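*Asks:* The structure's right below; bear with me while I get my questions together.
There are 2 protein chains.
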Amino acid sequence: MTQESARSEAKRAQIRHGATRVFLAEGFAGATTDAIAKAAGVSKQTLYVYYRSKEKLMIDVLGSLLSRLNRDHAALDGDRPVDSLPQLRATLVELASEVLEAISGSDYLALSRVIIADSPRVPEIGRLWAQTITGGIRLRVTELLERARDAGVIVVDDMEAATRLLTGGLLTYILPDGIVATDGPVTAPDRERVERIVDLFLRATT
Amino acid sequence: MTQESARSEAKRAQIRHGATRVFLAEGFAGATTDAIAKAAGVSKQTLYVYYRSKEKLMIDVLGSLLSRLNRDHAALDGDRPVDSLPQLRATLVELASEVLEAISGSDYLALSRVIIADSPRVPEIGRLWAQTITGGIRLRVTELLERARDAGVIVVDDMEAATRLLTGGLLTYILPDGIVATDGPVTAPDRERVERIVDLFLRATT
DNA sequence: GCAGAATCAAACTGAACAGTACAGTTTGAA
DNA sequence: TTCAAACTGTACTGTTCAGTTTGATTCTGC
Chain D
1 MTQESARSEA KRAQIRHGAT RVFLAEGFAG ATTDAIAKAA GVSKQTLYVY
51 YRSKEKLMID VLGSLLSRLN RDHAALDGDR PVDSLPQLRA TLVELASEVL
101 EAISGSDYLA LSRVIIADSP RVPEIGRLWA QTITGGIRLR VTELLERARD
151 AGVIVVDDME AATRLLTGGL LTYILPDGIV ATDGPVTAPD RERVERIVDL
201 FLRATT
Chain E
1 MTQESARSEA KRAQIRHGAT RVFLAEGFAG ATTDAIAKAA GVSKQTLYVY
51 YRSKEKLMID VLGSLLSRLN RDHAALDGDR PVDSLPQLRA TLVELASEVL
101 EAISGSDYLA LSRVIIADSP RVPEIGRLWA QTITGGIRLR VTELLERARD
151 AGVIVVDDME AATRLLTGGL LTYILPDGIV ATDGPVTAPD RERVERIVDL
201 FLRATT
């Protein structure tokens, strides 16, 4: 019975889509099921055929968003060059800029706010979100640094500390600063700022 | 008319106190005015004499908590010794441990969740919260590093990058990791972990 | 074209809850 | 004693909203 007809899955996606917009804009408490049904172009009745409750719907919405993010992030880091210090520097700056750009988008921030607020009630989503950052970002940086270390470009005694230091130093522009910034779109740090932090970090790795 | 009688201020504090407990435990939406009145040991009627609405009450509660936190943090950093590398290292580890301990408490995390969730609706509180970290913590670290630099203990070209790197590397245990952790109390990083990050950071400052 | 499934719109139910009204009690000063 | 202000507890109002019911309508495969 876990098998869904193609039909069903299409409708489900349609509902999820509409709900996504409303949840991100209004949060869990602020989103009414009437508004969700309307945004999805579906009757409330149908909505409740596909989802047993508003909470189940939200879990599906947030879970989908996060796994899509994680999927998008994956792969293609293996190709990034790290075989000399200038290469590593450029790669780190590039990666950092991409990531910061992605997570300073108002969508992602709204998503994060909703998740943080509801994480006591829905722990699994909180865990999934932390993994987007922990697993997603930290892991990617670790992987790059390991390759660079193995290539003899840098010296790292404590890989966890190194990864924490670099990702933390960069993420701090978004968490805490960006997440509560409400006047205008959030400013990801400009490239120069990113470069300065990467450079400083690299000085610690000889 | 801005003058309050002592009587009034005592009652106001009593209400604020009860409300604090309920807001931190339940969040804004989850806290009912009945529960707040009960927790404060005050009739709902009286509550509405002192506060025009639930929202005004929450702003007062969060604002009070944050300014108390900021007040507690202030001062006494001027005495911390930074005149040699071992001294600086010990001082940084000490400061970091204190700060991490403070902000990984379940009260502070609950407070942060509420603020983050409501920051789109109540921007001033969001700003105040960011200042607790930005102004409070980052400023203190900056001040220490400046003294150490002036004493010739470290070399720092870019003070902002240095502060970001260090505070970010440490805060990352709480944000994002701690804020959505719900199984058991949040684990501030142990002393050894803090030391490793501080040590790595110090390698970047010659 | 038709049976049966899926969907729709709209009204309804029941509960939660912010905020108010009210009738009565305490307190403390004159 | 008296009076006024502050307070209390309970009950009420009005609204919002998740979830259900109803009964009609539109698809879809046969």
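Those protein sequence lines, which keep their order, are chains D and E.
Quick note on the UniProt record's numbering: the first sequence kicks off at 1 and runs consecutively.
Quick note on the UniProt record's numbering: the second sequence kicks off at 1 and runs consecutively.
Note that beta-carbon positions come from the ideal geometry of N, C-alpha and C, so glycine has one too.
Keep in mind that this is a model prediction, so the values were computed, not measured.
Consider the Cβ of Arg140 of chain E: report whether some Cβ of chain D lies at a distance smaller than 8 Å.
*Replies:* Cβ-Cβ to chain D under 8 Å: no for Arg140 of chain E.
*Asks:* Which parts of the segment 103-153 of chain D are runs of the alpha helix (DSSP H), unbroken and 4 residues or longer, counting only runs that do not cross its ends?
*Replies:* Qualifying alpha helix (DSSP H) stretches, in chain order: 106-118, 123-131, 139-150.
*Asks:* So that I know if they touch, is there some Cβ in chain E lying closer than 8 Å to that of Gly41 of chain D?
*Replies:* Not one chain E Cβ lies under 8 Å of Gly41 of chain D.
*Asks:* What residue range is occupied by the uninterrupted alpha helix (DSSP H) comprising Thr167 of chain D?
*Replies:* Per DSSP, Thr167 of chain D belongs to the alpha helix (DSSP H) from 159-171.
*Asks:* Looking at chain E, is there any beta carbon in it that lies within less than 8 Å of the beta carbon of Gly18 of chain D?
*Replies:* Closer than 8 Å: no.
*Asks:* From the DSSP output, in three-state form, read off Asp79 of chain E for me.
*Replies:* Three-state DSSP puts Asp79 of chain E in coil, outside helix and strand.
*Asks:* From Leu202 of chain E to Asp79 of chain E, what does the alpha carbon distance come to, in whole angstroms?
*Replies:* Leu202 of chain E and Asp79 of chain E: Cα-Cα distance of roughly 20 Å.
*Asks:* Counting Cβ pairs closer than 8 Å, one from the segment 128-144 of chain D and one from the segment 134-151 of chain E, do we hit at least three?
*Replies:* Flag = no, the segment 128-144 of chain D and the segment 134-151 of chain E do not touch.
*Asks:* Sort D:Leu128, D:Leu76, D:Val93, D:Ala162 by Cα distance to Asp199 of chain D and report the nearest one.
*Replies:* That would be D:Val93, whose Cα lies nearest to the Cα of Asp199 of chain D.
*Asks:* In whole angstroms, what separates the C-alpha of Ser67 of chain E from that of Trp129 of chain E?
*Replies:* So the alpha carbons of these two residues sit roughly 9 Å apart.
*Asks:* For Ser53 of chain E and Glu26 of chain E, what's the separation of their Cα atoms in angstroms?
*Replies:* Looking at the two C-alpha atoms, the distance is approximately 17 Å.
*Asks:* Can you tell which of D:Lys38, D:Phe23, D:Ala161, D:Arg164 has the C-alpha that lies nearest to the C-alpha of Leu111 of chain D?
*Replies:* Nearest C-alpha to Leu111 of chain D: D:Phe23.
*Asks:* Could you tell me which chain D residues have their CB closer than 9 Å to the CB of Pro123 of chain E, listed as they occur along the chain?
*Replies:* Those within 9 Å of Pro123 of chain E in chain D are Val180, Ala181, Thr182, Asp183.
*Asks:* Under 7 Å Cβ to Cβ from Thr132 of chain D, same chain only, skipping five residues before and after it: list those, please.
*Replies:* Only Leu66, Leu69, Asn70 meet the Cβ criterion.
*Asks:* May I ask which residues mark the beginning and end of the alpha helix (DSSP H) holding Arg196 of chain D?
*Replies:* 191-203 is the span of the alpha helix (DSSP H), which, as asked, contains Arg196 of chain D.
*Asks:* Would the segment 107-121 of chain E count as touching the segment 103-123 of chain D if we require 3 or more Cβ pairs under 8 Å?
*Replies:* Yes: the two stretches touch, three or more of their Cβ pairs being nearer than 8 Å.
*Asks:* So, does the CB of Thr33 of chain E fall closer than 8 Å to a CB anywhere in chain D?
*Replies:* Answer no: the Cβ-Cβ gap between Thr33 of chain E and chain D never drops below 8 Å.
*Asks:* Hey, would you say Leu145 of chain E sits closer than 8 Å to Ala161 of chain E, going by beta carbons?
*Replies:* Taking 8 Å as the Cβ cut-off, Leu145 of chain E and Ala161 of chain E do not qualify as a contacting pair.
*Asks:* Check Thr91 of chain E in the structure and name its three-state DSSP category.
*Replies:* Correct three-state label for Thr91 of chain E: helix.
*Asks:* What does the Cβ neighbour count give for Ser104 of chain E, buried or exposed, with the cut at 16 atoms within 10 Å?
*Replies:* Ser104 of chain E is buried by the Cβ-count criterion.
*Asks:* When we look at the beta-carbon of Val194 of chain D and count the other beta-carbons within 10 Å, is it buried (16 or more) or exposed?
*Replies:* Buried.
*Asks:* Taking contact to mean 3 or more Cβ pairs, one atom from each stretch, closer than 8 Å, check whether the segment 10-23 of chain E and the segment 83-97 of chain E are in contact.
*Replies:* No: the two stretches stay apart, fewer than three of their Cβ pairs being nearer than 8 Å.
*Asks:* Using only the alpha-carbon positions, how far apart do Gly178 of chain D and Thr142 of chain E sit?
*Replies:* C-alpha separation (whole angstroms): 20 Å.
*Asks:* In this structure, does DSSP put Ala6 of chain E in helix, strand or coil?
*Replies:* Its pLDDT being 46, under 50, Ala6 of chain E is placed unreliably by the model, and the measurement read from it follows with that caveat. It is helical.
*Asks:* Count the other CB atoms, across all protein chains shown, that sit within 10 Å of the CB of Val155 of chain E; report buried if there are 16 or more and exposed otherwise.
*Replies:* Answer is exposed; the Cβ neighbour count stays below 16.
*Asks:* Listing by chain order, which chain D residues have their CB less than 9 Å from the CB of Ile36 of chain E?
*Replies:* The contacting residues do not exist; Ile36 of chain E stays about 17 Å from chain D at best.
*Asks:* Beta-carbon of Phe201 of chain E versus every beta-carbon of chain D: anything under 8 Å?
*Replies:* Closer than 8 Å: yes.
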